[in-house]
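Residue numbers (the working numbering), protein chains in the order written: chain A, 1 to 257; chain B, 1001 to 1257.
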C-alpha cells in the first residue's frame, strides 16, 4: 500500500525513476527534485547531509517507507548518516549495486569512475570496488556535466567537446566506466560515441532499481513529482529526453522542507 | 582606517576587486567568495537573501563599514533588504552604476543584458534603464557561464560554442551589452570575438568601483581573501586569468558564517 520515495538534487534521479517504473509496475512513486539547490556535488559534506535529511523527512511525511537515494553525491556522503538517523526505513543507495556490476562486467580489471567533486573526493566507489579484490580504479570529477543537463543542453557540440576534455585520459585505459552521477545517463549517447561503443557504461539507476522488492499485486499506480523551484524546465527536459510523462507535479517551498 | 568588504558567490567578484584595487590604492580590502554554495543565480530569492546576509555579517565582524556587493544576483535580489537590515553601513551594488553607464554609452538605445536566472527574472536592469527614458532592453539568462568560469574552463572551444548559442539573438539588435554577472568578464575575450568588437561591453565592476570614495592617505595596504570551500581552484583561476596575487587566503567553515 505504501509509496516508494525517490530523491535527487534535480533532474538526475529521473534516470533512476525510469528504471524503477519499468522494473516495478505495481508500485506508487513519489519523486522529489531539489532543483532550487542543485547542484549538490560541489557543496560541503555537512550541507549535503542537511539537504538529504530534509528530503528524507519530506518523503516520510508523504507516507513512504522505502527511499531510493537517486543521487550519487547523497549516496556517497549522507547514506550512512541517513540509515543511522532513520531506523526502520529501507534505503537504497546508488553506489554498492553499481560497483558490484562494474566488477562483474570488467574483463581488464580497469574501471573508470566519473562523478561530482564530492562523490570523487569521498573515494566511495574506490573503497567499494576494492572489497572485490585488486582492481585499477581511475576516477575523475566532471563538474560541468550537471549544469549542462540541468540547463537542457544535452545534445550540443559543446557537450561533445566537454566529454572529450574530461574523458580523454580514460581512453585505452579502462574497459568499464561507472557514470557515478544520475545526471550523466542524459549524456550517454555522446559518451558512447566518444568511446566508439568500446567501453561498458554502468548506469547506476539500472542496477539500484534491481535492489528494490516491488509490489506483486496489480494496481493502478500513481506517480507524483515535487520540485523546489519552478517546474517548466524540469518537465520539458524529462519529457523530451526520457519520454517520461509528467502530469502530476507541484512546487514546494524550500521553507517547508 | 577601516577595510572595504567585498563579497560574491565565488570567483566572480574578483573581476570587481581588480578594479577596486586599481582605483583605490590606499584602501584595505577583505574579500569573501562563498564557493561552497556557488552558484547563487539559480537559487530562490529567500536563499539568496539569507546567504547575502550571512556574508554581510561575516564582513562586519571583520571590521568593515563599506561593503561592495560584487555579485549581480545579490545586488538584484538582496540589496534593498541589506540596506534596510544594516543601517549605517555603506553598500555599493552592481546594478545602478552599470545601467547608468549603458544608457550613456548606447547610441541605438538598444541594450542587451545577460545574467543569471535570478538577475534576469528580477527585471532589475530593465527597471533601472527605464528610469532614463525609452530604451529597448533585450535580456537573456545565460546560466552555464558561471559553472564554466568556476571550473576554470575559460578559454576553450566549448565556451565559444556556448557564447554563440546564448548570444546569437543579440547580434545586430543591440549596440551595448551589460555583463550583468561579475563572473562574465572572465569570458570577455570570447564575447568580444563573437561580436567582432562591434558591441560596447559593460563590465559592472568597472563602474561600481567608481562609486567608492577611497582613502586619500598613502599607506601599506592589505588584501585578505576568505572562501567557504577549498581555495586551490580559486587561487589558480584568479592568478592565471586576472593576474591577482593571492597570498593571504583562508577557508572559513560555513557553520561560522
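Cβ coordinates follow ideal geometry from the N, Cα and C atoms, glycine included.
Excluding the 5 residues flanking it on each side, residue 144 of chain A has same chain C-beta neighbours closer than 6 angstroms at 162, in chain order. Not one beta carbon of chain B lies nearer than 8 angstroms to the beta carbon of residue 11 of chain A. Per DSSP, the beta-bridge partners of residue 200 of chain A are A/176.
The DSSP assignment places complete beta strand (DSSP E) segments of no fewer than 3 residues inside the region 71–153 of chain A at 90–92, 110–115, 136–141, in order along the chain.
In this structure, B/1254 is the residue among B/1254, B/1246, B/1040, B/1051 with its C-alpha nearest to the C-alpha of residue 1228 of chain B. For residue 47 of chain A, the C-beta contacts it makes with chain B under 9 angstroms involve 1036, 1037, 1254, in order along the chain. For the pair residue 1234 of chain B and residue 1011 of chain B, the CB atoms are nearer than the 8 angstroms cut-off.
Just so you know, the alpha carbons of residue 54 of chain A and residue 13 of chain A end up roughly 16 angstroms apart. Residue 143 of chain A has a beta carbon lying within less than 8 angstroms of a beta carbon in chain B. The residue among B/1089, B/1189, B/1048 with its C-alpha nearest the C-alpha of residue 1122 of chain B is B/1048.
In the displayed model, residue 1031 of chain B falls within a strand according to three-state DSSP. The Cβ-Cβ distance between residue 104 of chain A and residue 93 of chain A does not fall below 8 angstroms. Where residue 1016 of chain B is concerned, the enclosing alpha helix (DSSP H) starts and stops at 1014–1023. Taking C-alpha positions only, residue 188 of chain A is separated from residue 238 of chain A by approximately 15 angstroms. At least one CB atom of chain A sits nearer than 8 angstroms to the CB of residue 1229 of chain B. Its Cα nearest to that of residue 1164 of chain B, the residue B/1140 stands out among B/1216, B/1134, B/1140. For residue 1244 of chain B, the closest of B/1007, B/1015, B/1008 by C-alpha to C-alpha distance is B/1015. Judged by beta-carbon spacing, residue 190 of chain A lies beyond the 8 angstroms limit of residue 19 of chain A, meaning their Cβ atoms are not closer than that value.
With the rule of 3 Cβ pairs closer than 8 angstroms, the region 63–79 of chain A counts as touching the region 112–119 of chain A. Residue 185 of chain A and residue 203 of chain A have their C-alpha atoms spaced approximately 7 angstroms apart. In its chain, beyond the 5 residues on either side, 225, 235, 238, 239 have a beta carbon closer than 7 angstroms to the beta carbon of residue 246 of chain A.
Within the model, the alpha-carbon separation for residue 1034 of chain B versus residue 1181 of chain B is close to 15 angstroms.
DSSP places residue 1184 of chain B in no beta strand (DSSP E); its state is neither H nor E. As DSSP reads the structure, residue 1250 of chain B sits in a beta bridge with B/1226.
At least 8 angstroms separates the CB of residue 1004 of chain B from every CB of chain A. Residue 109 of chain A sits close to residue 136 of chain A, with the two beta carbons spaced by under 8 angstroms. By the criterion of a C-beta distance shorter than 7 angstroms, residue 1248 of chain B is surrounded in its chain by 1223, 1224, 1225, once the five residues flanking it on both sides are discounted. For residue 185 of chain A, no CB of chain B lies under 8 angstroms from its own CB, so it is not counted at the interface with that chain. Taking 8 angstroms as the CB threshold, residue 140 of chain A stays off the interface with chain B.
Residue-level contact by beta carbon fails for residue 55 of chain A and chain B, as no gap is shorter than 8 angstroms.
Residue 1231 of chain B and residue 1150 of chain B have their C-alpha atoms roughly 12 angstroms apart. In terms of Cα proximity to residue 1045 of chain B, the closest of B/1142, B/1069, B/1081 is B/1081.
Between residue 179 of chain A and residue 201 of chain A, the CB-CB gap stays under 8 angstroms.
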